[in-house]
Each structure stands twice: as structure tokens, then as C-alpha cells.
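Notes for the one structure printed next.
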Amino acid sequence: MSTRPLSAQEMMAPPVTRTIQSRSLMIGIVFSIGAIIGGVFQPSQFFRGYLLAFMAWLGVTLGSMAILMIRHLTGGGWGTVVRRVMGAAMRCIPLMTVLFIPIFFGLHHLYIWDRPLSTVADLKLRAHLQDITKSYLSVSGFIWRAVIYFAIWNVLSFLLTKWSQEQDLPNPRMNAQKFKAISGPGLILYAFTISFAAIDWLMSIDPSWISTIYGLIVMIGEVLSAMCFAVVVERILVKYKPMSEWLRPDFVQDHGKWMLTFLMLWAYFSFSQLL
Numbered sequence: 018m019s020t021r022p023l024s025a026q027e028m029m030a031p032p033v034t035r036t037i038q039s040r041s042l043m044i045g046i047v048f049s050i051g052a053i054i055g056g057v058f059q060p061s062q063f064f065r066g067y068l069l070a071f072m073a074w075l076g077v078t079l080g081s082m083a084i085l086m087i088r089h090l091t092g093g094g095w096g097t098v099v100r101r102v103m104g105a106a107m108r109c110i111p112l113m114t115v116l117f118i119p120i121f122f123g124l125h126h127l128y129i130w131d132r133p134l135s136t137v138a139d140l141k142l143r144a145h146l147q148d149i150t151k152s153y154l155s156v157s158g159f160i161w162r163a164v165i166y167f168a169i170w171n172v173l174s175f176l177l178t179k180w181s182q183e184q185d186l187p188n189p190r191m192n193a194q195k196f197k198a199i200s201g202p203g204l205i206l207y208a209f210t211i212s213f214a215a216i217d218w219l220m221s222i223d224p225s226w227i228s229t230i231y232g233l234i235v236m237i238g239e240v241l242s243a244m245c246f247a248v249v250v251e252r253i254l255v256k257y258k259p260m261s262e263w264l265r266p267d268f269v270q271d272h273g274k275w276m277l278t279f280l281m282l283w284a285y286f287s288f289s290q291l292l
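Under this note's numbering, the first residue of the sequence shown is numbered 18, with each subsequent residue one higher.
And the structure:
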């Protein structure tokens, strides 16, 4: 295992990643065709499944961005070896923005508050919906809040990516202070936006259910899924350079400790929800 500094060229992903990408694309296309066909006949089931899958992969992208910001604030070699893996995941946020658009066309399939009140049999729920759709759960409010969420996430991703790429130039710029300056406010913005997004996109499926900790459960679940994703990728790439030259046993242990920390937080918040 080498400790010498690696150039930007040496830090490039190994050729095996292209094979994985092409195979994943083929599998994705096949299953997407199947999902679209199923959506024609069962649109309600399609949009429910689509929302669930979207939130799962959004969690990997946003969670990766959050862990990157934690690393910029705290430092440590543990983050160096997975930094580019998480950076690649974070750069999928614009793609996730585009993939959110189909959800707008399935609002009435997903959310009871977007359906005519006359179709709601429960009189108490109907009265509750009549009040809440005037103040918060409206289609226009749902759309505008989603625009704000994605705008913030895309700006953070753009700046973190831009400054990271500047460090790969022939005359690299040392942007450590910039990373720290944006990571603190960025983590706060991430916590607020994903909490409200969880309320809008998931909890409002049942508007009669109220939880004060649901946003935190979703947030911790995202960073946990991102760390698990990074560990899986590093185990695939450890046979190839540059991961084989960077990954050390103590870094692997650090990643396991982060996973355990996030898992314990997720379990604690989930148990608090149960109580």
C-alpha cells in the first residue's frame, strides 16, 4: 500500500467501472420498460413504487453530500478514500431532480389531499383535509416547496463539485476553507429541507398521521444508506488502483464505525417514534 500522493490521472476510476455502468444501464432500461407497461394498467401501484424507489436513491445522493460536508468540517483520512465515490453519487442530484417530475403527474394517485373531498368517506378526515389543504397541503405549495428543496440541493452540489474539480487542475487551488465555510450552513439547510421534504412527499400520504421525528428518521436513513453504498463500492474497487493504494484497515474500521453510529441513531429515532 502506497502513501505517495496520487495525481488526478491516477485517481481516475478503473476501467471496470465502465463495465458496471453499461450492465447497470441495460438492466435499468429493461426494468424501466416493465415499470412503464405496468404503469399503464396499474397507475396507482406504479406511482407508489416509483416514489419509494425515488426516495431510496435520493437518499444515497443526498446522504453522500451530507457525509462529504461532515468530512470537510471534521477532516480525517477515512473520508479521503470514499470522497470521490460520494462525490460521484452527489453529482446525480440534477438527475434526481429530473426524475422527480413524473411524481407531479401522479399526485392524485399518491395523495388523498389532491382528490375531491367528496370522495373521502371519513367525515373527520374530510374536515381535516378541508382545513389543511388551505394552509399547507396544496398542489401549488407542494410544487413550490419541491422547487426550493431541489434548488438548494443543486446549488450545494454544484459548489462542492466545482471546488473539488479545481483541486485536480495542474495548478490546484486549496479550497479547504471554502469547503468548511459552506459545509456548516449546508448541513443545516440539508437537515431542514429533507425534513420538510419527508413531510411533503411521504408523511402526507396519510395526512391524519402526525410525527415530530419522522424527518430525522428519513435524514439518518439517508446518510446510513449513503455510507453503506460507499462501503459496497469500495469493496468492489479495492482490487484496482487507486483504491488498492489508498484503502487501509483502519479506514475500513472507521467506515464501519460510521455505519454503526448512523444505524444506532436510526434505531433510536425509530424507537422514539414507536414510543
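Every residue gets a Cβ at the ideal spot worked out from N, C-alpha and C, and that includes glycine.
Note that the structure is a prediction, hence the values are computed from the model and not measured.
_Shorter than 8 Å, the distance from the beta carbon of PRO189 to the closest heavy atom of the ligand ATP, or not?_
Looking at this structure, you won't find the ligand ATP or any other ligand, since it has none at all.
_How far does the alpha helix (DSSP H) with ASP271 in it extend, from its first residue to its last?_
Position 254 of the sequence shown, counted from the start, is the residue given in the question as residue 271. According to the DSSP assignment, ASP271 belongs to the alpha helix (DSSP H) that extends over 266 to 291.
*State yes or no: is the C-beta of VAL99 within less than 9 Å of the C-beta of ALA247?*
For this step, residue 99 is matched to residue 82 along the sequence shown. For this step, residue 247 is matched to residue 230 along the sequence shown. In contact: VAL99 and ALA247 (Cβ atoms closer than 9 Å).
*Mind pulling the alpha helix (DSSP H) runs of 4 or more residues that sit fully within the stretch 148 to 210?*
DSSP runs (the alpha helix (DSSP H)) wholly in the stretch 148 to 210: 156 to 183.
*Between the C-alpha atoms of TYR285 and GLY104, what's the straight-line distance to the nearest angstrom?*
Here the question's residue 285 lines up with position 268 in the sequence shown. Here the question's residue 104 lines up with position 87 in the sequence shown. Their Cα atoms are separated by approximately 28 Å.
*Whose CA, out of ARG88, SER39 and LEU277, lies closest to the CA of SER245?*
Residue numbering aside, residue 245 sits at position 228 when the sequence shown is read from its first letter. The displayed chain sequence assigns Cys, not Ser, to residue 245. The shortest C-alpha separation from CYS245 is found at LEU277.
*asked:* Let me check understanding here. Comparing Cα to Cα, which of GLY201, ASN192, PHE213 and GLU183 lies closest to ILE160?
replied: Residue 160 sits at position 143 when you count from the first residue of the sequence shown. Closest in alpha carbon position to ILE160, among GLY201, ASN192, PHE213 and GLU183, is PHE213.
*Roughly how many angstroms lie between the CA atoms of PRO133 and LEU146, to the nearest whole one?*
For the purposes of this step, residue 133 is taken as the residue at position 116 of the sequence shown. For the purposes of this step, residue 146 is taken as the residue at position 129 of the sequence shown. Their backbone Cα atoms lie some 10 Å apart in a straight line.
*Since GLY51 and VAL240 are thought to touch, with beta carbons under 8 Å apart, how far apart are those beta carbons, to the nearest angstrom?*
Indexing the sequence shown from 1 puts residue 51 at position 34. Indexing the sequence shown from 1 puts residue 240 at position 223. Not quite, the Cβ-Cβ distance comes to about 31 Å (not below 8 Å), so this is no contact.
*Can you name, in chain order, every residue of its own chain whose Cβ lies under 7 Å from the Cβ of GLY116, other than the five neighbours on each side?*
The residue you call residue 116 lines up with position 99 of the sequence shown. The amino acid occupying residue 116 in the given sequence is Leu; Gly does not appear at that position. PHE71, listed in sequence order.
*In terms of residues, what are the limits of the alpha helix (DSSP H) holding TRP74?*
Here residue 74 refers to the residue found at position 57 when the sequence shown is read from its first residue. Boundaries of the alpha helix (DSSP H) harbouring TRP74: 60 to 91, taken from the DSSP string.
*Close-in-space but distant-in-sequence residues of the same chain around ALA73 (CB under 8 Å, 5 per side omitted)*: If you number the sequence shown from 1, residue 73 lands on position 56. Taken in chain order, the residues that qualify are SER242.
*Cα-Cα separation, GLU183 to GLY123*: Mapped onto the sequence shown, residue 183 falls at position 166. Mapped onto the sequence shown, residue 123 falls at position 106. Their backbone Cα atoms lie some 41 Å apart in a straight line.
*asked:* SER49 and PRO111 - do their beta-carbons sit closer together than 9 Å?
replied: The count along the sequence shown starts at 1 and reaches residue 111 at position 94. The count along the sequence shown starts at 1 and reaches residue 49 at position 32. Going by C-beta atoms, PRO111 is not nearer than 9 Å to SER49.
*asked:* Is the beta carbon of ASP217 closer than 9 Å to that of ALA163?
replied: Walking along the sequence shown from the start, residue 163 turns up at place 146. Walking along the sequence shown from the start, residue 217 turns up at place 200. Contact: yes.
*With a cut-off of 8 Å on the beta carbons, I'd call ILE205 and GLY232 a contact; round off their distance for me.*
Locating residue 205 in the sequence shown gives position 188, where the first residue counts as 1. Locating residue 232 in the sequence shown gives position 215, where the first residue counts as 1. In this structure ILE205 does not touch GLY232 by the C-beta definition: roughly 13 Å separates them, more than the 8 Å allowed.
*Cβ atoms of PHE209 and TRP95: under 9 Å apart, would you say?*
Position 78 of the sequence shown holds residue 95. Position 192 of the sequence shown holds residue 209. Here TRP95 is not near PHE209, since their CB atoms are 9 Å or more apart.
*Looking at ILE230 and TRP283, is the spacing between their C-beta atoms short of 9 Å?*
For the purposes of this step, residue 283 is taken as residue 266 along the sequence shown, with counting starting at 1. For the purposes of this step, residue 230 is taken as residue 213 along the sequence shown, with counting starting at 1. Taking 9 Å as the cut-off, the beta carbon of TRP283 is found no closer than this to the beta carbon of ILE230.
*asked:* Between LYS195, TRP130, VAL102 and TRP180, which has its C-alpha nearest MET220's C-alpha?
replied: By one-based count along the sequence shown, residue 220 stands at place 203. Of the candidates LYS195, TRP130, VAL102 and TRP180, the residue whose Cα lies closest to the Cα of MET220 is TRP130.
*asked:* If you measure between the beta carbons of MET107 and THR78, is that distance less than 9 Å?
replied: The sequence position of residue 107 within the sequence shown is 90, counting from 1. The sequence position of residue 78 within the sequence shown is 61, counting from 1. Yes, the pair counts as a contact, with Cβ atoms nearer than the cut-off.
*Skipping 5 residues on each side, what residues in its chain have a beta carbon closer than 7 Å to that of MET228?*
On the sequence shown, residue 228 is found 211 positions in, with the first residue counted as 1. Here residue 228 is Ser; the residue named in the question, Met, does not match the sequence. Same-chain partners within the cutoff: MET220 and GLN290.
*In its own chain, which residues sit with a C-beta less than 6 Å from the C-beta of ASP271, not counting the 5 before and 5 after it?*
To locate residue 271, count along the sequence shown from 1; it is residue 254. Excluding sequence neighbours, ASP271 sits near TRP95.
_Relative to the C-alpha of ALA83, which candidate in ALA138, PHE58, GLY66 and LYS197 has its C-alpha closest?_
One-based indexing of the sequence shown puts residue 83 at position 66. Ranking ALA138, PHE58, GLY66 and LYS197 by Cα distance to ALA83 puts LYS197 first.
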